[in-house]
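Undergrad: Numbering (the numbering used here), first residue to last: 35 to 321. Okay, handing you the structure first.
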């Protein structure tokens, strides 16, 4: 009897979704929806997410809002299961009106790590796909590309962009790009073309310490009225180029690492570098 009651309750629930979160992308599907209620298929894009940032996440949720009425219709906490998937559910979502879907990835102590929002109108009786692109909302310095593959006999140079995100009013930044000299030789570093070279001082040099070799880079403005990031605190700082230190006959791999050494705001105040997440670049070498 108890099992029958539980089954009836399950079949009566509407709008049940299961969100399958993967490192490259996340896809969710409706589970046994009522015939006339909207079926949902939610895709959450995390294709460029930093593994270090993902490792910090321990809570997920999706929020559904009716923007016309400024009303929150549902907040669904999501649960990580033994298969590595994240599941949750919504009940009784309306159709025919614009709904705002916000997906969030959270660290219980540090707060929001990733967030993304999109609007959709659900139709009854059909499968509705809602795509949400998640972006980091914490200060982040990263390489692009984050993962790359180089043939072991390749003698050409390979460029990596250094990008920064969510650092408001950034005026100056200095950092090191560390590399393993058994794999790479640093060629040069240049100011990114998105920066105004006439209003920015760029400085770079090669050095090493007990940890190993590094390329030291400084990017700073010359007019406090203008920062080196946009209104969102995002910007591309520099481009660094490397060549393989030798030919590789066997498959191997190595990392490039970022080490910030200082940041300042336009008002001259210091920005704690401990608040900045850093994302390494992974390089796979193939025969």
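Every residue gets a Cβ at the ideal spot worked out from N, C-alpha and C, and that includes glycine.
Using the Cα positions of residue 259 and residue 228, report the straight-line distance between them to the nearest angstrom.
TA: For the purposes of this step, residue 259 is identified with residue 225 of the chain shown, where counting begins at 1. For the purposes of this step, residue 228 is identified with residue 194 of the chain shown, where counting begins at 1. In a straight line, the C-alpha of residue 259 is about 18 Å away from that of residue 228.
Undergrad: Give the range of the beta strand (DSSP E) segment to which residue 247 is assigned.
TA: By one-based count along the chain shown, residue 247 stands at place 213. Residue 247 -> beta strand (DSSP E) spans 247-255.
Undergrad: Mapping DSSP to helix, strand and coil, what is residue 197?
TA: One-based indexing of the chain shown puts residue 197 at position 163. Note: residue 197 maps to strand in three-state DSSP.
Undergrad: Using the Cβ count rule (16 or more neighbours within 10 Å means buried), how would you classify residue 156?
TA: If you number the chain shown from 1, residue 156 lands on position 122. Residue 156 comes out buried.
Undergrad: Smallest Cα separation from residue 133: which of 74, 276, 289?
TA: For the purposes of this step, residue 133 is taken as residue 99 along the chain shown, with counting starting at 1. The shortest C-alpha separation from residue 133 is found at 74.
Undergrad: Going by C-alpha to C-alpha distance, which of 131, 162, 226, 305 sits closest to residue 195?
TA: Walking along the chain shown from the start, residue 195 turns up at place 161. Comparing Cα positions, the closest option is 226.
Undergrad: Quick one: residues in its chain with C-beta nearer than 7 Å to the C-beta of residue 300, no 5 flanking neighbours on either side, listed in chain order?
TA: On the chain shown, residue 300 is found 266 positions in, with the first residue counted as 1. Cβ neighbours of residue 300 beyond the five flanking positions: 203, 205, 258, 261.
Undergrad: How about residue 210 and residue 105: do their beta carbons lie closer than 7 Å?
TA: For the purposes of this step, residue 210 is taken as residue 176 along the chain shown, with counting starting at 1. For the purposes of this step, residue 105 is taken as residue 71 along the chain shown, with counting starting at 1. Not in contact: residue 210 and residue 105 (Cβ atoms no closer than 7 Å).
Undergrad: DSSP state of residue 327, grouped into three classes?
TA: The first residue shown for the chain is 35 and the last is 321, placing residue 327 beyond what the model contains.
Undergrad: Check each candidate in 138, 82, 78 and name the one with the smallest Cα separation from residue 163.
TA: Residue 163 sits at position 129 when you count from the first residue of the chain shown. When each option's Cα is compared against that of residue 163, the closest is 78.
Undergrad: Do residue 309 and residue 275 count as a contact pair if the criterion is CB distance below 7 Å?
TA: The residue labelled residue 275 in the question sits at position 241 within the chain shown. The residue labelled residue 309 in the question sits at position 275 within the chain shown. The answer is no: Cβ separation not under 7 Å.
Undergrad: Can you give me the Cβ contacts of residue 168 inside the same chain, cut-off strictly under 8 Å, excluding the 5 residues immediately before and after it?
TA: Along the chain shown, read from residue 1 onward, the residue named residue 168 stands at position 134. These residues qualify, in order along the chain: 78, 79, 80, 83, 137, 139, 148, 149, 150.
Undergrad: Could you give the residue range of the beta strand (DSSP E) that holds residue 272?
TA: Counting from 1 along the chain shown, the entry for residue 272 is found at position 238. Run containing residue 272: 269-278, per the beta strand (DSSP E) assignment.
Undergrad: Spatial neighbours of residue 337 within its chain, please: CB distance less than 8 Å, with the 5 preceding and 5 following residues excluded, ordered by chain position.
TA: Because the chain spans 35 through 321 in this model, residue 337 falls outside it and cannot be assessed.
Undergrad: Please say whether residue 201 and residue 173 have beta carbons closer to each other than 7 Å?
TA: In the chain shown, residue 173 corresponds to position 139, counting from 1. In the chain shown, residue 201 corresponds to position 167, counting from 1. For residue 173 and residue 201, yes; Cβs fall inside 7 Å.
Undergrad: Could you tell me whether the Cβ of residue 89 comes closer than 7 Å to any Cβ of chain C?
TA: The structure shown contains no chain C; it is built from a single protein chain.
Undergrad: Buried or exposed for residue 298, going by 16 or more other Cβ atoms inside 10 Å?
TA: For the purposes of this step, residue 298 is taken as the residue at position 264 of the chain shown. It counts as buried.
Undergrad: Determine the direct distance from the alpha carbon of residue 215 to that of residue 183, and round the result to whole angstroms.
TA: The residue labelled residue 183 in the question sits at position 149 within the chain shown. The residue labelled residue 215 in the question sits at position 181 within the chain shown. Looking at the two C-alpha atoms, the distance is approximately 18 Å.
Undergrad: When the Cα atoms are used, what is the spatial distance from residue 316 to residue 100?
TA: Within the chain shown, the letter at position 282 stands for residue 316. Within the chain shown, the letter at position 66 stands for residue 100. Near 42 Å, if we compare the C-alpha coordinates of residue 100 and residue 316.
Undergrad: Could you name the residues of the same chain whose beta carbon sits closer than 8 Å to that of residue 95, not counting the 5 residues immediately before and after it, in chain order?
TA: Your numbering for residue 95 matches position 61 in the chain shown. Around residue 95: 109, 110, 111, 112, 122, 137, 138, 140.
Undergrad: So what's residue 169 in DSSP terms, helix, strand or just coil?
TA: What you label residue 169 is simply residue 135 of the chain shown in a count that begins at 1. DSSP places residue 169 in strand when its eight states are reduced to three.
Undergrad: Which residue or residues does DSSP assign as beta-bridge partners of residue 162?
TA: Indexing the chain shown from 1 puts residue 162 at position 128. Answer is 74.
Undergrad: For the alpha helix (DSSP H) that residue 259 lies in, which residues bound it at each end?
TA: For the purposes of this step, residue 259 is identified with residue 225 of the chain shown, where counting begins at 1. No alpha helix (DSSP H) contains residue 259, which DSSP labels as neither H nor E.
Undergrad: Using the Cα positions of residue 288 and residue 86, report the straight-line distance between them to the nearest angstrom.
TA: Taking the chain shown and counting its residues from 1, the one referred to as residue 288 is at position 254. Taking the chain shown and counting its residues from 1, the one referred to as residue 86 is at position 52. Answer to the nearest angstrom: the Cα atoms are 17 Å apart.
Undergrad: Excluding the five sequence neighbours on either side, which residues of its own chain have a C-beta within less than 7 Å of the C-beta of residue 263, listed in chain order?
TA: The residue given as residue 263 occupies position 229 in the chain shown. These residues qualify, in order along the chain: 198, 201, 204, 269.
Undergrad: For residue 281, count neighbouring Cβ atoms within 10 angstroms of its own Cβ and tell me buried if that reaches 16, exposed if not.
TA: Here residue 281 refers to the residue found at position 247 when the chain shown is read from its first residue. So residue 281 ends up on the exposed side.
Undergrad: Using only the alpha-carbon positions, how far apart do residue 208 and residue 127 sit?
TA: Here residue 208 corresponds to residue number 174 of the chain shown, with the count starting at 1. Here residue 127 corresponds to residue number 93 of the chain shown, with the count starting at 1. When rounded, the distance between both Cα atoms is 49 Å.
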